[in-house]
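Enquirer: These protein sequence lines are chains X and H, in that order.
Sequential numbering from 1 applies to the first sequence in my numbering.
Sequential numbering from 764 applies to the second sequence in my numbering.
Before we start, here is the structure in question, set down as structure tokens.
Protein chains: 2
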Amino acid sequence: MAVEPAALGYGPRTDAVEKVSGAAVYAGDITRPGMLHARLLRSSVPHARIVRVDAARARQVPGVAAVLTGADLPADREHWRYGPILRDQSIVATDRVRFVGDVVAAVAAASLEAAERALAAIEVEYEELPAVFDPEAALAAGAVVLHPDPNPEEMPGTRPQHGTNVCGLTELVQGDPDTGFAEADEVIEEVYRTPPSQHCFLEPHATIAAWQGGRLTVWTCSQTPFLTRRQLARLYRLSASHVRVVVPYIGGGYGGKTNLRLEPVTSYLAKLTGRPVKLVLTHSEVFHTVTKHGSTVRIRSGITRDARIVAREIDVTLDTGAYADTGPQVAKKCTYTAAPYRIPNVRLRSRCVYTNNPPAGSLRGFGLQQVAWAFESHMDTLAGRLGVDPLEFRRRHLYEEGDRYVTGEPLHSVGLRECLEAVAKKVGYGTPLEQTPGRRRGRGVSIAMKGSFVPSTAGAWVKVNEDGSVMVAAPTPEMGQGSRTVMRQIAAAVLTVPLERVHMAPVDTDGLPFDDGAISSRSTFSVGRAVQDAAENVRQQLLDMAARHLEASAADLVLEAGAIRVKGAPPAMEIPDLMRAQMGRSGTVHGEARVRTFGGRVEENGEAYEVSACFWFIAAGAAEVEVDEETGKVTIRKYATASDVGHALNRSTCESQIRGAAVIGLGQTLSEALRIEDGQIVNASFSDYRIPAFGDLPRQLDVVIVEVPHRDGPFGAKGVGEVAVAPAAAAVGNAIRAATGVRITAPPFHPEVVLRALRESSK
Amino acid sequence: MAVEPAALGYGPRTDAVEKVSGAAVYAGDITRPGMLHARLLRSSVPHARIVRVDAARARQVPGVAAVLTGADLPADREHWRYGPILRDQSIVATDRVRFVGDVVAAVAAASLEAAERALAAIEVEYEELPAVFDPEAALAAGAVVLHPDPNPEEMPGTRPQHGTNVCGLTELVQGDPDTGFAEADEVIEEVYRTPPSQHCFLEPHATIAAWQGGRLTVWTCSQTPFLTRRQLARLYRLSASHVRVVVPYIGGGYGGKTNLRLEPVTSYLAKLTGRPVKLVLTHSEVFHTVTKHGSTVRIRSGITRDARIVAREIDVTLDTGAYADTGPQVAKKCTYTAAPYRIPNVRLRSRCVYTNNPPAGSLRGFGLQQVAWAFESHMDTLAGRLGVDPLEFRRRHLYEEGDRYVTGEPLHSVGLRECLEAVAKKVGYGTPLEQTPGRRRGRGVSIAMKGSFVPSTAGAWVKVNEDGSVMVAAPTPEMGQGSRTVMRQIAAAVLTVPLERVHMAPVDTDGLPFDDGAISSRSTFSVGRAVQDAAENVRQQLLDMAARHLEASAADLVLEAGAIRVKGAPPAMEIPDLMRAQMGRSGTVHGEARVRTFGGRVEENGEAYEVSACFWFIAAGAAEVEVDEETGKVTIRKYATASDVGHALNRSTCESQIRGAAVIGLGQTLSEALRIEDGQIVNASFSDYRIPAFGDLPRQLDVVIVEVPHRDGPFGAKGVGEVAVAPAAAAVGNAIRAATGVRITAPPFHPEVVLRALRESSK
């Protein structure tokens, strides 16, 4: 990596013109011949037994091709039950509804209007059941159990506790926590909470399903095309080769478009009617489809007089709503991200709990968001108690290269210190602050660290066309993150051809190698590496071809600026010349690569540990805030966000990823929260649910790219998508505390919340 | 090949249900968001200078997005000139029109109706030029030259004669023809003709073009997706990676859907308007798009008293109409297929000539059809002259394995004798015929032999999914020939998995390796072999994985019935178990293969020859006819058709291919011909142009599959698509001659033609 390949480090998004000109095609734009339109009837009650669904009148509505109710599903539950962790969801409700918004019936009709008319004609009789909206209450003895029958596990190992509302449980212990606490000079315990919130992607969920020749094709906005394929194949008892998942551009995903969403109901309606079926949700429906887990984090630390943390215990409770979705994984990540500092004795536990709220799943930086808010607020509490500067207190506990994580695994490529120091400097941490009467200013910092999941499988292929131009096939949907630009850059860099002669094959499970999906910030690291390896394979084939043509040894040849030369000699021939010479006007050179990162238990030199991450994503945030003591309004004057990207393959995309993540974090910090009253979301629209407007954002918003190369990433690169979300809340909360001395225990920091806290503290 | 793999030799077409249920999607079914509809304005005169095209009123028609006339094209002709051999066609006419139907202007509008209204509003002023409709006249000195400026060569080597109407010339000489003729006891010369005709596919040409992000995508019914991609890339001066060609099911091609058809005009309109543009021709327009070459074949043979042919000369003139299309290639094939017998001294020449008729191109068995009619009729003339039975006369001259063709190349897998004997037997050749007064009966035989082109490039990949199911990517469009069934069978056979767990990726140039296309009956042989090799590659990877898992040597393992076993031991594990064990629930095993068959001049042991074929397709036909002496009506009582398929991978598909080809041949024999009067096709519809109805076909139509395995084909298979068309005309013509003693020199054998010939002979 002495010389940066020409294709890297710069360059506009290759999808930019298409998107700003409106030419880009999303799932909702797609039509199919003879297509029907679907609409869903949703439960108006949070928890009920379905006594009766009468669809007779709906079926008579002109243009209606099918009405699907629970009674129409086959007797064998395995034919309609699905879910990424537990198969606890059904295509439409059968015996029960479990949240306001649960799907009771589905209609496919020749027009949206006919479908709507049919929905209005369906009569549903409910027998309401006791509902539970608070996870603590759901855990209490005697609480109503949402899923009394155990649901089969799609992904084993998340420990659902049958007969209770706990659908996922993770525990992790390192060292000897009891002894650690006993040896502490002081034990400090706090409780932090986060509210449920929403992804707020601009593109609502949209899917078209069609059966042809016994095969199912779905065009869908899925971040996980191959997991979607696998789960659909299971649902219909087909082989994976019977299912094709095509993913056009996605208008934002942030974790909300993983696994199955509209694919089961659209494909079932398509099967019933023998025609393609399209379903695009309204934004209000999107709010009810998947949310971010509200959380309660109890955190307890044992500290010593010399400012060391010797023991920690964290207990996380997540409200996963009516269905598990990815909740048990989120709970697991709460545990596995709860310890970004060197603390010798640790006990971590997370539980994922069913309630009659709308289901919660993955949202950018899942798990980490909830616990980082808690442990990074708690760090300032501890530092304050010890009389140590919070930045300095963090410095003493930061992980370094080669340190062992709480799982015992050795850490590699951890730019925590670089990120933290960079953001602190950007906001002038430690320099004097001008204070105005009634307007308190303060600064705070925060870090976050999360491992991208293991085991991880990625694949890609690269082909050189007869004219030397290049096609790259990488199964990463483009959801705004710029992955498809970076994949092109990687192939262009390896093959030393201009970026504009490199293009991408569509995301289509038929034609691509298996990949786990555009999740866990893994695309650049895993898929990008597969693209790099595939391109290297092609490069070697070209050199071998050239060696035959030039009657030289391949080992003496190099590929530079699209031309092959004997080392030290002038260019002998360009790639298109070589292709022509060896293949006439026909033929492609094709290379494939597969990257698999294993995880789990490792034994090494008699020592056992767990590999929980294929790489670590690392971020820090720092804020300078001003709190209006009269109104409670918090103004973020400066915010700095840094992320360790390993190696920036495209600086502008890295910057916009980090900035975008920080803005989501700041939104969740300042204003975003779902208001759910008796199970009913009361702000399920963009007018009532406040995402940050430009005026809400800091005037000074600095993005710092930190590069601590990773040995396994393409050109040293790591993922950058999500981690910068997590530090925002604690950085701002710590700055508020620094400004006012008041600790607020749950975002968002609405003025009324801040004002109440200020008033209570001054009582 | 001792044991036939389970997946081969049987099985229904995998696309059958989809097609008979109407679910199959063709290009005309595809829609794109914001799509416009195109219509074309066509010339009403055969040859004219365009004085003026006034589109001002047309542009004002509500809904019209663009009107394209020659004046709107850029000054540089390279931006709008295209063609598979010579770039002599333009997107719309610029200075001249050259046939009735030539495209003068194109409209893209929001609806078909608006487009039609705009067409009607375009005013064109022509200055008519002298037109020539007969190739002999077009060759005469002083004839009007259709393309006075030389057109650039897209495919070099076809020898256009600039300044004349000859756009392609092939000559081939073997031995010493002059001496051969001098040594002959007698020289017999005849002239045979064939009329122009039509492909009559059920699906008209249909294309949708869209530009996105600087890339062009076309969804089109193209038999040659990669050649289409290459030619579009050239037209727009883009790299191949900028162009994506997607081919859904094709409703019949027969050579008429090769190279560029509607892609240039739709893509140009899409570029102009910034919106997707769709164009579907009417059937009448299809008749004007590409036809089969009418031909004149002068054939001259030197024979000896002991019934040997010692010299032959053939001179072919093809009417290629206003544009060359593939005409020069057709002319070349006339030459290269003109000598399917051992004749020591041969002089062959073919010329392709421009006229002001609609353009002619490839039609199933092109070149061969025209010359086989001639040389196989001529064989019976010679046999008659020599007093030898025509079947016996053929037997003496048939090529055998290892013989040298007229090019000097050694022949392999030539089941000529097997085909000929089989069909002769089926129609009872040589057994007595019952003759009724006024109804003359007779029998005739005919053979045909054609080489599939070289050099040929094919590619494919195969992947095994995480559940052991299989995806095959083979770039062969499915146009009714059943290729996609056979490709699945080949992969299933190699991997020993059930056919229903093997599926095909879509035909999409983005995702597939280069391939020359579904032409020249090459798909099974070339692409099938690539699929076989790719599957073998995957099989080896699976064995290697199993070897690691079982701690065995891969060389000791076999894959049988989807399970891996140590040779001689019971099955150790099935493929899905192996995948799970080695890859968890993720990952695919991918294998790719490329098959390239070289052609051209070879020097071997001091001897030079030309390799002109990657394999030979071989057929024979035999007919028993009854001629009504009063009406001239010819009834084919029996017809037998045989083809050497190498090895039948799917017997029912082979049979239907051979039968279908024979039926096309019989149609051209009995009824099909374009009637062109002063350049105007007067029967450009299915009601006026007679394809055979079931009642026109022989009561007894026998299909014989001959299997002479080819060393390079998958499991020994060769192509089977087109050759059985060619023997029909001569077999029937020879039977008519046998019945009546009258030789008719041009099909189709309409009753009035036969009657006239009978009357003239009895004068």
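Virtual Cβ for every residue (Gly too), placed ideally from N, Cα, C.
Rounded to whole angstroms, what is the Cα-Cα separation between residue 900 of chain H and residue 1222 of chain H?
Expert: Here residue 900 of chain H refers to the residue found at position 137 of the second sequence. Here residue 1222 of chain H refers to the residue found at position 459 of the second sequence. Each residue's alpha carbon lies about 45 Å from the other.
Enquirer: Are any of the Cβ atoms in chain H nearer than 7 Å to that of residue 33 of chain X?
Expert: Residue 33 of chain X sits at position 33 when you count from the first residue of the first sequence. True, the Cβ-Cβ gap to chain H drops below 7 Å.
Enquirer: Please compile the residues from chain C whose C-beta is within a distance smaller than 7 Å of the C-beta of residue 536 of chain X.
Expert: Chain labels in this structure do not include chain C; the protein chains are X and H.
Enquirer: What beta strand (DSSP E) runs, 3 residues minimum, are completely inside the stretch 32 to 80 of chain X?
Expert: 36 to 42, 48 to 54 and 64 to 69
Enquirer: If you pair each beta-carbon of the stretch 28 to 45 of chain X with each one of the stretch 108 to 126 of chain X, do three or more pairs fall below 8 Å?
Expert: yes
Enquirer: Against chain X, which members of the stretch 1271 to 1282 of chain H pass a CB distance test of less than 9 Å?
Expert: 1271, 1272, 1273, 1274, 1275, 1276, 1277, 1278 and 1279
Enquirer: Which residue's Cα is closest to the Cα of residue 1044 of chain H: H/970, H/1295 and H/1272?
Expert: Along the second sequence, read from residue 1 onward, the residue named residue 1044 of chain H stands at position 281. Here the closest residue by C-alpha is H/970.
Enquirer: At the 7 Å Cβ level, is residue 467 of chain X part of the contact set with chain H, yes or no?
Expert: Your numbering for residue 467 of chain X matches position 467 in the first sequence. Cβ-Cβ to chain H under 7 Å: yes for residue 467 of chain X.
Enquirer: Terminal residues of the continuous beta strand (DSSP E) containing residue 1205 of chain H?
Expert: Position 442 of the second sequence holds residue 1205 of chain H. Residue 1205 of chain H -> beta strand (DSSP E) spans 1202 to 1214.
Enquirer: Flag residue 1370 of chain H as yes if its beta-carbon sits less than 7 Å from any beta-carbon of chain X, otherwise no.
Expert: If you number the second sequence from 1, residue 1370 of chain H lands on position 607. Under the Cβ criterion of 7 Å, residue 1370 of chain H is not counted among the residues facing chain X.
Enquirer: Residues of chain X with CB closer than 8 Å to the CB of residue 1222 of chain H, please, in chain order.
Expert: In the second sequence, counting from the first residue as 1, residue 1222 of chain H sits at position 459. In chain order: 587, 588 and 590.
Enquirer: Hey, could you find the ends of the alpha helix (DSSP H) residue 1448 of chain H is sitting in?
Expert: Walking along the second sequence from the start, residue 1448 of chain H turns up at place 685. It is not in any alpha helix (DSSP H) - residue 1448 of chain H carries neither H nor E in the DSSP assignment.
Enquirer: If you measure beta-carbon to beta-carbon, which residues of the stretch 1250 to 1269 of chain H are closer than 7 Å to chain X?
Expert: Of all residues in the stretch 1250 to 1269 of chain H, the ones placed with a Cβ closer than 7 Å to any Cβ belonging to chain X are 1264, 1265, 1266, 1268 and 1269, in chain order.
Enquirer: Using beta carbons (cut-off 7 Å, strictly below), is residue 786 of chain H in contact with chain X?
Expert: Position 23 of the second sequence, counted from the start, is the residue given in the question as residue 786 of chain H. Cβ-Cβ to chain X under 7 Å: yes for residue 786 of chain H.
Enquirer: Per the contact definition of three or more C-beta pairs closer than 8 Å, is the stretch 281 to 295 of chain X in contact with the stretch 153 to 164 of chain X?
Expert: no
Enquirer: According to DSSP, is residue 257 of chain X part of a helix, a strand, or is it coil?
Expert: On the first sequence, position 257 is the one that residue 257 of chain X refers to. DSSP places residue 257 of chain X in coil when its eight states are reduced to three.
Enquirer: Look at the alpha carbon of residue 1327 of chain H and the alpha carbon of residue 273 of chain X, and state the distance between them as a whole number of angstroms.
Expert: Against the second sequence, residue 1327 of chain H aligns to sequence position 564. Against the first sequence, residue 273 of chain X aligns to sequence position 273. Approximately 41 Å, taken between the alpha carbons.
Enquirer: For residue 314 of chain X, list the residues DSSP reports as bridge partners.
Expert: Your numbering for residue 314 of chain X matches position 314 in the first sequence. Within the DSSP secondary-structure output, residue 314 of chain X pairs in a beta bridge with X/299 and X/348.
Enquirer: Determine the DSSP secondary structure at residue 791 of chain H, reduced to helix, strand or coil.
Expert: Translated into positions along the second sequence, residue 791 of chain H becomes position 28. Helix at residue 791 of chain H.
Enquirer: Over what stretch of residues does the beta strand (DSSP E) that includes residue 1389 of chain H continue unbroken?
Expert: Stepping through the second sequence from its first residue, residue 1389 of chain H is reached at position 626. Note, residue 1389 of chain H: beta strand (DSSP E), 1379 to 1391.
Enquirer: Considering only the alpha carbon of each residue, which of X/680, X/748 and X/729 lies closest to residue 773 of chain X?
Expert: The shown model of chain X, from 1 to 763, leaves out residue 773 of chain X, and the question about it has no answer.
Enquirer: Express the C-alpha separation of residue 411 of chain X and residue 672 of chain X in angstroms, rounding to a whole number.
Expert: Working through the first sequence from its first residue, we reach residue 672 of chain X at position 672. Working through the first sequence from its first residue, we reach residue 411 of chain X at position 411. So the two alpha carbons sit approximately 34 Å from each other.
Enquirer: Looking at the structure shown, is residue 863 of chain H part of a helix, part of a strand, or coil, going by DSSP?
Expert: Here residue 863 of chain H refers to the residue found at position 100 when the second sequence is read from its first residue. Note: residue 863 of chain H maps to coil in three-state DSSP.
Enquirer: Name, going along the chain, the residues of the stretch 185 to 219 of chain X whose beta-carbon falls closer than 9 Å to a beta-carbon of chain H.
Expert: 210, 211, 212, 213, 214 and 215
Enquirer: Check whether chain X comes within 7 Å of residue 1241 of chain H, counting only Cβ atoms and requiring the distance to be less than that.
Expert: Numbered from 1 along the second sequence, position 478 holds the residue referred to as residue 1241 of chain H. No - not a single Cβ of chain X is within 7 Å of the one on residue 1241 of chain H.
Enquirer: Name, in chain order, the residues that DSSP records as bridge partners for residue 1194 of chain H.
Expert: Along the second sequence, read from residue 1 onward, the residue named residue 1194 of chain H stands at position 431. For residue 1194 of chain H, which the question treats as bridged, DSSP gives no partner whatsoever.
Enquirer: Is there a Cβ of chain H sitting closer than 7 Å to that of residue 656 of chain X, yes or no?
Expert: Locating residue 656 of chain X in the first sequence gives position 656, counting from the first residue. Taking Cβ atoms only, chain H never reaches closer than 7 Å to residue 656 of chain X, which makes this a no.
Enquirer: The stretch 1304 to 1332 of chain H: which residues have C-beta closer than 8 Å to a C-beta of chain X, in chain order?
Expert: none
Enquirer: Let me see if you follow: with CB-CB separation under 7 Å, is residue 1234 of chain H close to chain X or not?
Expert: Reading the second sequence from its first residue, position 471 is the one you call residue 1234 of chain H. Yes, residue 1234 of chain H lies at the interface with chain X (some Cβ there is under 7 Å from its Cβ).
Enquirer: Does the stretch 1223 to 1235 of chain H come close enough to the stretch 1196 to 1213 of chain H that 3 or more CB-CB pairs lie under 8 Å?
Expert: no
Enquirer: Alpha carbon to alpha carbon, how far is residue 1107 of chain H from residue 1356 of chain H?
Expert: Stepping through the second sequence from its first residue, residue 1107 of chain H is reached at position 344. Stepping through the second sequence from its first residue, residue 1356 of chain H is reached at position 593. Computed Cα separation, rounded: 40 Å.
Enquirer: Take residue 940 of chain H and list the residues in its own chain whose beta-carbon comes closer than 8 Å to its own, dropping the five residues that flank it on each side.
Expert: For the purposes of this step, residue 940 of chain H is taken as residue 177 along the second sequence, with counting starting at 1. Only 1074, 1075, 1076, 1108, 1109 and 1110 meet the Cβ criterion.
Enquirer: Out of X/215, X/192 and X/248, which one is the CA nearest neighbour of residue 299 of chain X?
Expert: Start at 1 with the first residue of the first sequence, and residue 299 of chain X comes out as number 299. It is X/192.
Enquirer: Let me confirm a value: residue 16 of chain X is counted as buried when at least 16 other C-beta atoms fall within 10 Å, else exposed. Which label applies?
Expert: To locate residue 16 of chain X, count along the first sequence from 1; it is residue 16. Residue 16 of chain X is exposed by the Cβ-count criterion.
Enquirer: Could you check whether residue 722 of chain X and residue 647 of chain X sit closer than 7 Å to each other, using their CB atoms as the reference points?
Expert: Start at 1 with the first residue of the first sequence, and residue 647 of chain X comes out as number 647. Start at 1 with the first residue of the first sequence, and residue 722 of chain X comes out as number 722. No, they are not a contact pair.
Enquirer: I'd like to know if residue 248 of chain X contacts chain H, where contact means its C-beta is closer than 7 Å to some C-beta of that chain.
Expert: For this step, residue 248 of chain X is matched to residue 248 along the first sequence. By this cut-off, residue 248 of chain X is not an interface position.
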